[in-house]
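In my numbering, the protein residues as written are 153 to 225.
Each residue gets a CB set at the ideal place from its N, CA and C atoms; glycine is no exception.
Below you'll find the structure, written out as structure tokens, and then a few comments.
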């Protein structure tokens, strides 16, 4: 999977990362669109621990569900 990864001030790269597997009660979403919002931008100014995957407001489709996951298709 590709992700925008924050590595430090003025250092954001789109990288290929391993595809995660959903655990019990979780699901894996194939992200179709994800923006960088104000919360992500604030992290650039605060210089958090890096590396950090940016973007937490995504739209997509459920690709896989973990064991015991209910209410998600």
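Check, Outcome
"Residue 167 to residue 174, Cα distance in whole Å?", "21 Å"
"Among 155, 154 and 159, which residue has its Cα nearest to the Cα of residue 203?", "159"
"Give the list of continuous alpha helix (DSSP H) stretches no shorter than 4 residues that lie fully inside the stretch 181–214.", "190–198"
"Using a Cβ-Cβ distance cut-off of 8 Å, determine whether residue 207 contacts chain B.", "In the structure shown, chain B cannot be found, because there is only a single protein chain."
"Under the assumption that residue 215 contacts residue 182 (Cβ atoms under 8 Å), give the Cβ distance between them as a whole number of angstroms.", "4 Å"
"Suppose the cutoff is 6 Å on Cβ atoms and the five residues either side in sequence are ignored; what does the same chain contact list for residue 178 look like?", "218"
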